């Protein structure tokens, strides 16, 4: 049986259901039924525009983003789904802050809901640096189905690991 490393910490009855889907080779089918289309946010510019639109809808007063891009060096399978970096620099007599979001390139070919969940997660770091209660409340404010989408993204990663390729409905 395949080890479900993305689902550690979830209740045993839930992981048993996923293990059953994996054993029957039906996990991909279930994901396609829930999320039948792949987004068209393929370029870094389109990703930047998408992220800024989400930010402007929910966090107008948050600091601006310097860069948003897909990063092939982020290995979702081993590290993270995305990263938010904050760099402070002194320029003249002013302190300048730059915020950069990088998203694993595996999500170029994923359902829009998964991409939005990752963007929401990284945007929440503009206000809350730690994964605390306020952080997750902000995530749920921007995406009410945040926790379900996070779980389904873990199923997606499990399917990618098993199949060896991105999700393509």
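In the working numbering, the protein residues as written are 1 to 169.
Don't be surprised by glycine CBs; every beta carbon is placed ideally from N, CA and C.
Computed from a prediction, not measured in an experiment: that's the story for all the values here.
For the alpha helix (DSSP H) containing residue i, list its first residue and its last residue.
i	result
residue 154	146-163
residue 28	27-34
residue 12	12-23
residue 110	Careful: residue 110 lies outside any alpha helix (DSSP H) and carries neither H nor E.
Taking residue i as part of the beta strand (DSSP E), name the residues at either end of that continuous run.
i	result
residue 71	67-71
To the nearest angstrom, report how far apart residue i and residue j are at their CA atoms.
i	j	result
residue 162	residue 5	12 Å
residue 174	residue 23	Any property of residue 174 remains undetermined from this structure, which presents the chain solely from 1 to 169.
residue 155	residue 27	8 Å
residue 164	residue 157	10 Å
residue 193	residue 55	It is not possible to answer for residue 193, since the shown part of the chain is limited to 1 through 169.
Report yes if the C-beta distance between residue i and residue j is below 8 Å; otherwise report no.
i	j	result
residue 51	residue 119	yes
residue 71	residue 103	yes
residue 111	residue 39	yes
residue 116	residue 140	no
residue 126	residue 99	yes
According to DSSP, is residue i helix, strand or coil?
i	result
residue 143	coil
residue 60	coil
residue 39	coil
residue 102	strand
residue 5	helix
*Check whether the region 55-74 touches the region 28-35, counting contact only when three or more Cβ pairs, one atom from each stretch, lie closer than 8 Å.*
no
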